[in-house]
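Residue numbers (the working numbering): 317 to 568.
Structure, as structure tokens:
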């Protein structure tokens with residue numbers, strides 16, 4: 317199993333201690349290969365919000381840096397771990413810029429082979445909001461599953477106390493089981509996302525303002541999801557209802 321860590325803290329402190337402890341626990345469970353990408357050290361320029369990647373394709377991004385290399389690493393990994401401590405009730409600037417630079421995955425998800433684990437630490441508050449945000453991003457990008465791990469790390473808590481937190485062992489076990497699970501079914505949220513995007517982005521107006529999305533979803537016109545997957549009948553029905561609502565709303 318190959319696991320890629322996207323590390324969003326500018327320093328190696330509490331979040332790093334938790335991540336390394338989780339790595340240790342995972343390796344006790346089986347053969348797991350870890351690779352770390354420290355966002356502070358890689359060439360990932362600040363997103364300028366031009367929307368080129370969204371509407372015309374990621375190859376049209378005007379920033380010549382490591383986005384393609386990072387994407388390849390993510391797509392060739394079995395598992396991904398997104399790490400960000402809480403900074404003013406949100407992810408760090410490094411993690412937010414990473415998410416912004418890969419915003420094209422919100423329109424055209426690709427992480428259908430990857431299970432995600434999101435990690436955050438905080439001194440006092442904001443943990444739930446940050447974990448929920450990273451979970452939502454991961455699901456939108458197509459993740460098979462998302463496991464959450466949040467640890468409260470007040471200033472008087474030692475590194476040893478942090479790394480011995482039983483939540484780390486429990487999260488490692490949950491994540492490992494998901495990594496080894498062959499069967500997979502998209503969540504209802506993912507099915508709804510696909511049907512809504514496909515319906516709207518194959519419209520005549522979308523062909524003009526977002527040709528890349530139009531081209532992408534036209535190829536999936538008769539599909540129930542982005543990739544072959546087992547989808548329960550009730551999810552298919554709800555997806556079709558959402559598609560109809562979007563179609564009627566667009567005409568209005």
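Using N, Cα and C, we set each Cβ at its ideal position, and we do this for glycine too.
Can we say the stretch 476–488 touches the stretch 325–340, given the rule of at least three CB pairs closer than 8 Å? yes
Nearest neighbour of residue 319, chosen from 555, 393, 326 [CA to CA]: 393
Residue 363 versus 497, 466, 420, 330, residue with shortest Cα-Cα distance: 420
When you compare the stretch 347–360 with the stretch 438–452, are there three or more beta-carbon pairs, one atom per stretch, that lie closer than 8 Å? no
Every unbroken beta strand (DSSP E) within the stretch 422–455, with a cutoff of 3 residues, ordered by chain: 431–438
Please classify residue 535: does DSSP put it in a helix, a strand, or coil? In the structure shown, residue 535 sits in coil (DSSP, three-state: anything other than H, G, I, E or B).
Classify residue 529 as buried or exposed, calling it buried when 16 or more other Cβ atoms lie within 10 Å of its own Cβ. It counts as buried.
Using only the alpha-carbon positions, how far apart do residue 417 and residue 543 sit? So the alpha carbons of these two residues sit roughly 23 Å apart.
Shortest alpha-carbon distance to residue 493 belongs to which of 351, 462, 473? 462
Could you give the first and the last residue of the continuous beta strand (DSSP E) run that contains residue 349? Segment 349–354, the beta strand (DSSP E) holding residue 349.
Determine, using beta-carbon pairs with one atom in the stretch 420–438 and one in the stretch 531–551, whether at least three such pairs fall under 8 Å. yes
Rounded C-alpha distance that separates residue 326 from residue 525: About 37 Å.
Please list the segments of the alpha helix (DSSP H) lying wholly inside the stretch 451–530, counting only runs of 4 or more residues, in order along the chain. 475–479, 482–495, 504–517, 520–525
If you draw a straight line from the alpha carbon of residue 535 to that of residue 517, how long is it in whole angstroms? Cα to Cα, residue 535 sits roughly 12 Å from residue 517.
Going by DSSP, which residues form a beta bridge with residue 406? 403
Whole-angstrom distance between residue 385 and residue 511, CA atom to CA atom: 30 Å
Under 8 Å Cβ to Cβ from residue 351, same chain only, skipping five residues before and after it: list those, please. 318, 319, 320, 321, 389, 393
Starting from residue 328, follow its DSSP beta bridges and name the residues at the other end. Looking at the DSSP assignment, residue 328 forms no beta bridge with any residue, so it has no partner.
Reduced DSSP secondary structure (H/G/I, E/B, other) of residue 360: coil
Can you name the start and end residues of the beta strand (DSSP E) that residue 323 belongs to? 318–323
How close, in whole Å, do the beta carbons of residue 324 and residue 399 come, if the pair is a contact with beta carbons under 8 Å? Taking the Cβ atoms as the reference, residue 324 lies roughly 6 Å from residue 399, within the contact range of under 8 Å.
Please identify the residue among 376, 382, 449, 473 whose C-alpha is closest to the C-alpha of residue 330. 473
When DSSP builds the beta bridges, which residues end up paired with residue 396? 320, 432
Indicate whether residue 433 and residue 395 have their beta-carbon atoms separated by less than 8 Å. Taking 8 Å as the Cβ cut-off, residue 433 and residue 395 qualify as a contacting pair.
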